[in-house]
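Residue numbers (our numbering), protein chains in the order written: chain Z, 865 to 1124; chain R, 117 to 427.
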């Protein structure tokens, strides 16, 4: 326990170095949300913007509407990287070496998780930057921005732990690249791109109660000044459940016997 | 003092019983070799002793600590170099060693000194800043072992340290192991090569299908092994039949048209064999001499040949 922090710091350094040495995956994961942003704003945004109503009801309106979702997509894309890099790491002998060393075992995982969190925060900042560049404007003040940052980091942290478990449970690296796919699609089955009240009943019911909907409601509220209600608390509750569940699951999976 | 002690170790994977009660006793400061074919259970034994997996039955202690009840103390005392490379391919040689120094909590100055010393000692200094992925097999194995040594372990497990290496790298690895022994550590070495065990080990245990079938010094074991054999190759099955009748103690070599005849390799014994074949007009296609190898060990100790990879 005494070494948990220093061992984790060592492992974070290892993972950051690995990300720098193998940047193609990082770029790939960055590209995805940016493509989504451009696609939804420029290809679909004119029509969708008219559909959501609002004061101007056009492309600019839709950009503001969809940006929180695209930031969420940036998280779900970045955590695919967590899953893949953990699955890849588990196939390498060095993890068995770590297991035979007198180190804080969890540091192997925290190294990945904290490394991924840094990567995800940078990805979110980058995507925000692109959104601002093409015209995204927020009404948020300092307090709201801090709340946005806190909420995003909480969700990123939670999804990274879940993705860590996905990486550990995958038998192969190929398998690991598919296991997180539902996570990337989940924002579509919610209020991410269009309001839920246009959906058929069953889908609407799912869309309203799935974890990403209150999260996006809260983000939109903080950034655009729309009503938030309990969404912020519900979103944080989901983060706690997903994050803690992912942590416990990952820990259990990692402490399984090495099967190689 | 005992460095490694095991009693009645058993382990199965599903229905497949890998270890059927293995007893080991390795005194401190010695080299112990576990000799066996692929699938005999060598790696499973190492995995249990190095706390990677648990045993289904029996008990084991390493450096005085029970592997099941006090794995953390065992891990603090051991170093493991497996047959699968355990280096980080994206990091350089120096970074790999630095990683180990950090995880062993050596501190900045001591860690740096240790890393530089190992780079020199293991002849990696020239490639220290290249990624490990670009290293040759022998070099990677040296880095692997150097990483194991960063923590100055008392007991070192080497699981098939030379499998897949070319002869020169193999010799280099042997030299490294000999130097390690001189520094007083205990080494537990698994190998499928008799000559390797012979070169390095103080004591050898032969593992066959999950059981130790013989244990002793290399000389003790060799006394139980016949002095090699001559392999006679035939092109006509009738000659093979005839030879089987006239040569004593011969055994068929699998499906091939070949006969394995115990022979010490002396000129006299060879001449006697050829004369006898000649007397009975048996036509031999070709002949080759074989010094004792793992096949012979298994033949002698278990009464059945083993399929093994040859060096």
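Idealized CB from N, CA, C, for every residue including glycine. Since this is a predicted model, take the numbers as computed values, not measurements.
Whole angstroms is fine: what's the gap from residue 248 of chain R's alpha carbon to residue 240 of chain R's? 10 angstroms
Beta strand (DSSP E) runs contained entirely in the segment 348-381 of chain R, provided each spans 3 or more residues: 374-378
Going along chain Z in order, which residues have a C-beta closer than 8 angstroms to the C-beta of residue 207 of chain R? 878, 881, 882 and 885
Does residue 1124 of chain Z come within less than 9 angstroms of chain R when only Cβ atoms are used? Bear in mind that the predicted position of residue 1124 of chain Z carries a pLDDT of just 44, short of 50, making it too unreliable to give a figure here.
Cβ of residue 141 of chain R within 9 angstroms of any chain Z Cβ: no
If I measure Cβ to Cβ from residue 1083 of chain Z and keep anything under 6 angstroms in the same chain, skipping five residues before and after, which residues do I get? 932
Does the contact criterion of 3 or more C-beta pairs under 8 angstroms hold for the segment 124-143 of chain R versus the segment 323-333 of chain R? yes
Okay, do the segment 178-197 of chain R and the segment 149-158 of chain R touch, 3+ Cβ pairs below 8 angstroms being the bar? no
Name the chain R residues whose beta carbon is nearer than 7 angstroms to that of residue 1099 of chain Z? By Cβ distance, chain R contributes nothing, its closest Cβ being about 36 angstroms from residue 1099 of chain Z, past 7 angstroms.
When you compare the segment 1028-1039 of chain Z with the segment 991-1004 of chain Z, are there three or more beta-carbon pairs, one atom per stretch, that lie closer than 8 angstroms? no
Is residue 246 of chain R helix, strand or coil when you go by DSSP? coil
Candidates Z/1024, Z/934 and Z/907, of which the one nearest residue 990 of chain Z by Cα: Z/934
Any beta-carbon of chain R closer than 9 angstroms to the one on residue 954 of chain Z? no
DSSP three-state assignment for residue 393 of chain R, whether helix, strand or coil: helix
So is residue 982 of chain Z in contact with chain R if we call contact Cβ pairs under 9 angstroms? no
Provide the residue(s) that pair with residue 133 of chain R in DSSP beta bridges, ordered along the chain. R/128
Going along the chain, which residues of its own chain have a beta-carbon closer than 6 angstroms to the beta-carbon of residue 904 of chain Z, five neighbours each way excluded? 930
Pull up the DSSP beta-bridge partners for residue 273 of chain R, would you. R/196 and R/304
Show which residues of chain Z have a CB atom less than 8 angstroms away from the CB atom of residue 203 of chain R. 957 and 958
Using a beta-carbon distance cut-off of less than 7 angstroms, what residues from the segment 213-238 of chain R approach chain Z? 215, 218, 219 and 221
Taking just the CA atoms, how far does residue 949 of chain Z sit from residue 880 of chain Z? 12 angstroms
Evaluate contact between the segment 868-875 of chain Z and the segment 960-976 of chain Z, counting only Cβ atoms and requiring at least three cross-stretch pairs below 8 angstroms. yes
Close Cβ partners of residue 222 of chain R (< 7 angstroms) along its chain, the five nearest in sequence each way excluded: 230
So, does the segment 386-406 of chain R touch the segment 332-350 of chain R, judging by three or more C-beta pairs under 8 angstroms? yes
Can you pull the chain R neighbours of residue 871 of chain Z, defined as C-beta to C-beta under 7 angstroms? 219
I'd like the list of long-range same chain contacts for residue 876 of chain Z, defined as Cβ closer than 7 angstroms, with 5 residues on each side in sequence excluded. 975, 978 and 979
Between residue 307 of chain R and residue 331 of chain R, how many whole angstroms is the CB-CB distance? I'm expecting something under 8 angstroms. 15 angstroms between Cβ atoms; not a contact.
Is it the case that the Cβ atoms of residue 257 of chain R and residue 299 of chain R are separated by a distance below 9 angstroms? no
Give the secondary structure of residue 1123 of chain Z by DSSP, where H, G and I count as helix, E and B as strand, and everything else as coil. Its pLDDT being 49, under 50, residue 1123 of chain Z is placed unreliably in this model, and the value from its coordinates should be taken loosely. If DSSP states are grouped into helix, strand and coil, residue 1123 of chain Z belongs with coil.
Tell me which same chain residues have a C-beta within less than 7 angstroms of the C-beta of residue 893 of chain Z, skipping the five on either side of it? 941, 942, 944, 945 and 987
Classify residue 1046 of chain Z: buried if its beta carbon has 16 or more other beta carbons within 10 angstroms, exposed otherwise. exposed
Close beta carbons around residue 260 of chain R, own chain, < 7 angstroms, minus the five adjacent residues each side: 197, 201, 202 and 203
Same chain only: Cβ atoms within 7 angstroms of residue 126 of chain R, ignoring 5 sequence neighbours per side: 135, 136, 137, 171, 172, 173 and 174
With 9 angstroms set as the bound, which would you pick, yes or no: does the beta-carbon of residue 966 of chain Z sit closer than that to a beta-carbon of chain R? yes
Which chain Z residues are close to residue 125 of chain R, counting only those with a beta carbon under 7 angstroms from its beta carbon? Result: empty, since nearest Cβ-Cβ is about 15 angstroms, beyond 7 angstroms.
Please specify which runs of the alpha helix (DSSP H), each continuous and at least 4 residues long, are wholly inside the segment 137-220 of chain R, giving them in chain order. 158-165, 187-193 and 209-219
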